[in-house]
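S.K.: Numbering (the numbering used here), first residue to last: 43 to 303.
Could you have a look at this structure, given as structure tokens, before my questions?
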């Protein structure tokens with residue numbers, strides 16, 4: 043089942059529901075109920091939150107045991123309100139034991155463990171794509187900074203519109219390179235935030251682990267799936283590099299550029 047198929051299944055099952063039994067923890071609590079309707083009868087933010095979570099689990103992208111909701115991390119000042127993530131995904135199934143140990147016993151080693159194993163931060167909105175830049179700058183970057191990993195993914199799901207971001211080696215960018223109009227030097231204005239990600243861009247749990255884990259590849263057995271996507275940005279970079287090489291070779295009489303047109 044794809045993410046889109048799972049989303050349609052959720053809509054068919056719960057599109058008219060007013061109450062929903064949460065299948066993931068909310069902070070430290072299992073088995074909570076939530077409301078799906080605004081006063082005017084339209085779906086609220088909670089509806090889209092659980093629509094997304096249901097879809098990533100049912101499609102097999104992520105197993106539910108790695109996911110928590112309303113996950114809280116402390117800020118530097120003890121008197122400050124905690125940083126609250128709408129959702130978080132960890133790379134180890136024992137994350138909830140560590141989470142409970144920190145919040146109930148104040149164990150800072152467990153807190154540090156959580157930060158070292160956080161691989162996805164989730165934010166849900168029902169704002170119809172109106173404040174993506176603000177959410178990115180003021181919320182998602184802070185969530186990504188909670189992770190001590192060299193790579194972490196941030197997801198904004200706003201009224202069924204998907205936005206994927208990443209922190210990788212201290213660079214904060216869109217997950218898919220085609221949206222980073224100035225490559226790794228892209229700032230907020232160069233992230234094409236008017237364009238959401240297609241659902242097919244959603245990575246799997248295994249995809250995310252590959253960003254930080256080194257695998258030995260038998261080159262004789264490589265398939266097309268082992269190749270990275272060459273985006274518009276990559277194509278430009280490749281063309282620029284080839285052009286520079288050809289110009290240099292032409293200057294020293296090694297090649298006629300017309301032969302490569």
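Backbone N, C-alpha and C define an ideal beta-carbon position, used for all residues, glycine too.
Just so we're clear, the structure is a prediction, and the values are computed from it rather than from any experiment.
#1: Alpha helix (DSSP H) containing residue 108: first to last residue?
#2: Pick helix, strand or coil for residue 208, following the three-state DSSP scheme.
#3: Three Cβ pairs or more, each shorter than 8 Å: is that satisfied between the region 156–172 and the region 224–234?
#4: Which whole-angstrom value is the C-beta distance of residue 62 and residue 76, which I expect to be below 8 Å?
#5: Check residue 102 in the structure and name its three-state DSSP category.
#6: Mapping the DSSP letters down to three states, classify residue 114 as helix, strand or coil.
#7: Cβ of residue 223 less than 9 Å from any chain C Cβ?
#8: Taking buried to mean at least 16 other C-beta atoms within 10 Å of its own C-beta, is residue 242 buried or exposed?
#9: Once you ignore the five residues that flank residue 156 on each side, which residues in its own chain have a CB closer than 8 Å to its CB?
#10: Given a cut-off of 9 Å on the beta-carbon distance, is the pair residue 93 and residue 49 in contact?
#11: For the beta strand (DSSP E) containing residue 130, name the first residue and the last one.
#12: Would you list, in sequence order, the uninterrupted alpha helix (DSSP H) runs of no fewer than 4 residues that lie entirely inside the region 131–197?
#13: At what residues does the beta strand (DSSP E) containing residue 213 begin and finish?
M.R.: Looking at the coordinates:
#1: The continuous stretches of alpha helix (DSSP H) do not include residue 108, and DSSP gives it neither H nor E.
#2: It is a strand residue.
#3: Segments in contact, no.
#4: Correct: roughly 5 Å between the Cβ atoms.
#5: In the three-state scheme derived from DSSP, where H, G and I count as helix and E and B as strand, residue 102 is classed as coil.
#6: Here DSSP, grouped into helix, strand and coil, assigns residue 114 to strand.
#7: Of the chains in the structure shown, none is chain C; there is only one protein chain.
#8: Residue 242 comes out exposed.
#9: If we look at residue 156 and ignore the five residues flanking it on each side, its Cβ neighbours are 115, 132, 137, 140, 141, 144.
#10: Yes; because the gap between Cβ atoms is below 9 Å, this pair is in contact.
#11: Here the beta strand (DSSP E) through residue 130 covers 125–132.
#12: Within the region 131–197, the complete alpha helix (DSSP H) runs of at least 4 residues are 137–147, 150–159, 174–177, 183–188.
#13: Looking at the DSSP string, the run of the beta strand (DSSP E) that includes residue 213 is 213–216.
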